[in-house]
Amino acid sequence: MTEKNSALHRPISPSGSLLLDIIRASAAVVVVIGHLALPSFYPPGKEALVKAATAAVVVFFLLSGFVIRYVTLRKPVTPAHYYVDRISRIYSVAIPAILLTLLFDLLSHRINPSYYDANWLSNCTHIPFRILANATFLSEIWAKQIFLLSNIPFWSLSFECFYYVLYGLAFYLTGAKRLILFVLVALLAGPSIMALFPLWLGGCLLYSLYQRLRGKRSIVIAMTAVIEIMALSLGLFHRALMPQLNAAQRWIDQAIPYSPLLGRVSIRFYEIGTVAFVLMLFLLLLADLAPVSGKSSIANAIRFTAEGTFPLYLFHFPILVLVFSIVGTSSKSLGLRAAILLGVATFAVLMGHPCNLLKLRMRAWLVTVLRIS
1 MTEKNSALHR
11 PISPSGSLLL
21 DIIRASAAVV
31 VVIGHLALPS
41 FYPPGKEALV
51 KAATAAVVVF
61 FLLSGFVIRY
71 VTLRKPVTPA
81 HYYVDRISRI
91 YSVAIPAILL
101 TLLFDLLSHR
111 INPSYYDANW
121 LSNCTHIPFR
131 ILANATFLSE
141 IWAKQIFLLS
151 NIPFWSLSFE
161 CFYYVLYGLA
171 FYLTGAKRLI
181 LFVLVALLAG
191 PSIMALFPLW
201 LGGCLLYSLY
211 QRLRGKRSIV
221 IAMTAVIEIM
231 ALSLGLFHRA
241 LMPQLNAAQR
251 WIDQAIPYSP
261 LLGRVSIRFY
271 EIGTVAFVLM
281 LFLLLLADLA
291 PVSGKSSIAN
301 AIRFTAEGTF
311 PLYLFHFPIL
321 VLVFSIVGTS
331 SKSLGLRAAI
341 LLGVATFAVL
351 MGHPCNLLKL
361 RMRAWLVTVL
371 RIS
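Reminder that position 265 of the sequence shown reads as 265 in the UniProt record's numbering, one-by-one numbering, no gaps.
Next up, the structure:
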């Protein structure tokens, strides 16, 4: 192994690991806050906060690619181990999320049918088919957008699971077999899912750049200067720059016209992703220069909280539907919404450990059943 390639196999520093936990936990909270600002929960809605939720989802895509690249380079395993790890990781939270959605949506409809029907009735046709499509992560192929009742955020799992499969094929296979299987899976996924695959791969690139640049103070100093200049310029010349930025955005929108085959995907995912990529790289490199103990009580608390990130992302929406079916949406009290946010986050964090135990049991069961050595 060359020195250049060996850099990619270094463990992430404790400070870098904690930073990643903070980023993913923060992104999950931003998603919940953004969804709390939807018209269905806070009429007529807060568009800026809703857009922030979209930005947080982009961060999750980058984090996902980063982690997968780290896992496959740092701990080389067989294709069977890779896919078993992904299956157990996803289903240990997805199965409880599906069951919770069915139960909470049923309760929400019983408690406040007019509220539920006004917002999510269109997602309740052919329920067994919707469950099957989401449980197999085929709900978004070719921009179908088959929602799991009220649980709108479930859509992103269809994207991520295809990326896991595609990455595994590209990483572990070679020759014609790799090419043929990759093309077949890509054709099954369709244009909408494949349109964001480069964004997810950006997370893989982020990992590689981080490993190659870490420890280089000159890079951090240069990035700090550039970011400060850009932030200062935007702050000082905001009014003068906004017309030019808006004009550039309109030009981009016209140059890349929307297609129904792209579904929910737009160029804004990449605009957000570019900014997130640079900031995450900068923060990771900066964190490496400020080493911290990974065994402190604060570090343990951060890790414990971050363990509930995935449950928070998949559980929060049906919980919000149930809560607002009970309390209604007329109150604009920030205190009430803060209490709801805290309650939902606490529930998810407490569910993080049981879901992790389920993941370990599922992994052990799959290894035994499939006779993976």
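No residue lacks a Cβ here, since even glycine has one placed at the ideal position from N, Cα and C.
Proximity below 9 Å, CB of residue i to CB of residue j
| i | j | result |
| --- | --- | --- |
| F66 | L206 | yes |
| A306 | I33 | no |
| I98 | N134 | yes |
| I267 | G190 | no |
| A25 | T309 | yes |
| A345 | V29 | yes |
| G175 | Y82 | no |
| F60 | A27 | yes |
| P79 | L173 | yes |
| P311 | A348 | yes |
| Y116 | D105 | yes |
| A287 | S13 | yes |
| V165 | V183 | no |
| F147 | F154 | yes |
| M280 | L62 | yes |
| V84 | V367 | yes |
| S15 | M362 | no |
| L284 | L19 | yes |
| C355 | P96 | yes |
Assigned secondary structure, residue i (DSSP; H/G/I helix, E/B strand, else coil)
| i | result |
| --- | --- |
| N119 | helix |
| S17 | helix |
| N151 | strand |
| L73 | helix |
| V265 | coil |
| A338 | helix |
| residue 461 | Here the chain comprises residues numbered 1 to 373, so residue 461 is not present and cannot be evaluated. |
| I23 | helix |
| S40 | coil |
| V292 | coil |
| P318 | helix |
| L283 | helix |
| S192 | helix |
| P198 | helix |
| C204 | helix |
| N112 | coil |
| E140 | coil |
| G308 | coil |
| K51 | helix |
| L370 | coil |
| T224 | helix |
| I146 | coil |
| G45 | coil |
| S64 | helix |
| H35 | helix |
Residue i, buried or exposed, once every other Cβ within 10 Å from all chains shown has been counted against 16
| i | result |
| --- | --- |
| P11 | exposed |
| K359 | buried |
| N300 | exposed |
| E160 | buried |
| R130 | buried |
| I272 | buried |
| L103 | exposed |
| P318 | buried |
| M230 | exposed |
| A55 | buried |
| A290 | exposed |
| G328 | exposed |
| L196 | buried |
| A118 | exposed |
| G352 | buried |
| V321 | buried |
| S92 | buried |
| I298 | exposed |
| H126 | exposed |
| I326 | exposed |
| R69 | buried |
| S373 | exposed |
| A53 | buried |
| L261 | exposed |
| W120 | buried |
| S139 | buried |
| H9 | exposed |
* Report the residue ranges of all alpha helix (DSSP H) runs contained in full by the region 151-182; include only those spanning at least 4 residues, in chain order. => Runs found: 155-172.
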